[in-house]
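Below: one structure, written as structure tokens.
Residue numbers (my numbering), protein chains in the order written: chain L, 361 to 646; chain Z, 314 to 605.
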């Protein structure tokens, strides 16, 4: 079973060193070995097709990943605290809050593609026609607005999972801690930062870890929102994954695609290691 | 102003929080409602950006229920739905069989390399999917060229890939479930004369069943959601919903209304599945997180 993983990965790494495109595809692993040329094409060569737009893709991916990871955590935390209280219809409300998470991601992309439309899209209708928060309608899917147009749907889709995990964590915190804090005269803000947040540490550690990984590799929402796979998301909407996918399967540059994904993997391993180390140190200090 | 007694204050704060919560709930559910609403418009309504429904000559709003009939004829959506069900169902069964066995083995027996194996499982989660996809695509093409057996565009190919992709994650979740079953139960069964397989079959498996169901559903939902692999590795006959749904808008037509109808139909099975098994899923997903 691991064979099915290791075999393609080994090939994937090896292919990063081959000149593999639609002409040499027939020769498979016997395609001309070009050493580090692919990495040169990805990172340095200003004329290669994958290098163009790479900077934008990296920048967008960084912004996207950080904002989405933090955003899902914050929204999830707020709602988890809200539904943690006792009120009538609690389980019903909790279930309804889970709804976005069940909607498939490709539907999320399509759906928000409709919502962002300039004319007749729900976002513009609400902000301009109903609430009068903005003077005129905004084109959400062009220019720098694009990055928000991909971040917000992703947060919408993924925060219920954070809420679910944090809620499960909240239920394990013993009530006595809060009672003790009450006696000491702590306010709600202080109680949150001194008790709730530290006690939830294992939960948000996992959430941030997986958030960083999954959001960096996010693909479905963005690709479905712009031209339904055919279009180019624009220089503020292109992510690493859409960039590599376009280069590999639409421009048929498999070698450079493999090289770019190897680089992405290296960066990801570094990030995960840093996060683990940071977490361990924080654990020791407390 | 008279200072309010603390219980009144608490009550007011509670009501305010509840109100905010309900507003957030409304915002959360609004996009889904908009999807269903858009699916009942005509394609002109969406194209010219009309907010409400169009009206007929008598001034009555026209609800285009026929979108839900047309979507099956316009593109071959029934085929895609069937393909998705076959692929996701088989993947779920296959992945669950292998990962249950592997997870049980990892949680009960120590063998040389078992730690390495556990770590490798986690490591597979870090690898970008596209790094598998490029070699797999070329492998599939090449295999067919060499042997004449078609792999790309068949159910077997995509089901195998999906299973291989979801097994590590499933093992990781299920291991926690098996670890939480008390060892004493199994020891008692051993003393009563069960062999190792009978212990697994009659003690561990029934106890872990809720976890297996939850993980299985999760695998199904994720496979239902998968676009990138399906896009590259299926053909016109084995296309799944995410790939096929794109055909509503393209070179020859612009039927956003039908697309929204199809999106609604694609969401319904998942929603039903989730609400039927909600307790299991929630328990299964949170079990790992709380243990830390």
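Using N, Cα and C, we set each Cβ at its ideal position, and we do this for glycine too.
Straight through space, the alpha carbons of residue 450 (chain L) and residue 560 (chain Z) are spaced by roughly 41 Å. For residue 413 (chain L) and residue 424 (chain L), the gap between their C-alpha atoms comes out near 16 Å. No Cβ-Cβ contact shorter than 8 Å links residue 478 (chain L) with residue 581 (chain L). DSSP places residue 541 (chain L) inside the alpha helix (DSSP H), whose first and last residues are 535-543. Only residues of its own chain outside the window of five on either side were considered, and among them 601 have a CB closer than 7 Å to the CB of residue 577 (chain L), listed in chain order. Exposed is the label assigned to residue 536 (chain L), since fewer than 16 other Cβ atoms lie within 10 Å of its Cβ. In the pairwise beta carbon analysis, the segment 495-513 of chain L is classified as not touching the segment 349-359 of chain Z: fewer than three pairs are separated by under 8 Å.
With a contact defined as Cβ atoms closer than 8 Å, residue 548 (chain Z) and residue 470 (chain Z) miss out at about 10 Å.
With contacts defined by Cβ atoms closer than 8 Å, residue 460 (chain L) and residue 580 (chain Z) do not form a contacting pair.
Using beta-carbon distances, residue 332 (chain Z) does not count as an interface residue toward chain L, since no partner is under 8 Å. In the DSSP assignment, residue 444 (chain L) falls within the alpha helix (DSSP H) that extends over 414-444. In this structure, the straight-line span from the alpha carbon of residue 346 (chain Z) to that of residue 441 (chain L) is close to 26 Å. L:643 is the residue among L:543, L:520, L:495, L:643 whose C-alpha sits nearest the C-alpha of residue 558 (chain L).
Residues of the segment 518-537 of chain L that bring their beta carbon within less than 7 Å of a beta carbon in chain Z comprise 524, 525, 528, 529, 532, in sequence order. When the five nearest sequence neighbours on each side are left out, the beta carbons in the same chain lying within less than 7 Å of the beta carbon of residue 577 (chain Z) are those of 348, 349, 352, in order along the chain. Taking a C-beta distance under 8 Å as the contact criterion, residue 444 (chain Z) and residue 621 (chain L) qualify as a contact pair.
The beta carbon of residue 486 (chain Z) does not come within 8 Å of any beta carbon belonging to chain L, so the residue lies off that interface. Under the DSSP assignment, residue 500 (chain Z) falls in the alpha helix (DSSP H) whose first and last residues are 496-504. In the structure shown, residue 603 (chain L) falls within a helical segment according to DSSP collapsed to helix, strand and coil. For the segment 570-598 of chain Z, the beta-carbon criterion of a distance under 8 Å to any beta-carbon of chain L is satisfied by 572, 573, 576, 579, 580, 583, 584, 587, 588, 591, 595, 598.
One alpha carbon belongs to residue 401 (chain Z), the other to residue 456 (chain Z), and they sit about 24 Å apart. Interface flag for residue 554 (chain L) against chain Z is unset, since no Cβ pair is found closer than 8 Å. DSSP places residue 364 (chain Z) outside both helix and strand once states are collapsed to three, so it counts as coil. CA-CA distance, residue 531 (chain Z) to residue 486 (chain Z), rounds to 11 Å. A distance below 7 Å between beta-carbons, with the five flanking residues on each side excluded, links residue 420 (chain Z) to the following residues of its chain, in chain order: 488, 491, 492.
Residues of the segment 530-555 of chain Z whose Cβ lies closer than 9 Å to any Cβ of chain L, in chain order: 534, 537, 538, 539, 540, 541, 544, 545, 554, 555. Put simply, the backbone Cα of residue 506 (chain Z) is about 16 Å away from that of residue 496 (chain Z). Residue L:597 holds the alpha-carbon nearest to the alpha-carbon of residue 504 (chain L) among L:626, L:597, L:615.
A distance below 8 Å separates the beta carbons of residue 427 (chain L) and residue 511 (chain L). For residue 610 (chain L), there are no neighbours in chain Z by C-beta distance under 7 Å, as the nearest C-beta there is about 11 Å away. With contact defined as three or more Cβ pairs closer than 8 Å, the segment 431-445 of chain L and the segment 561-573 of chain L are in contact. Residue 451 (chain Z) sits close to residue 614 (chain L), with the two beta carbons spaced by under 8 Å. By the Cβ neighbour-count rule, residue 496 (chain L) is exposed, with fewer than 16 other Cβ atoms within 10 Å of its own. Residue 429 (chain L) is outside the set of residues whose beta carbon lies under 8 Å from a beta carbon in chain Z. The Cβ atoms of residue 441 (chain Z) and residue 493 (chain L) do not sit closer than 8 Å to each other. Contact check for residue 507 (chain L) against residue 603 (chain L) fails: the beta carbons are separated by 8 Å or more.
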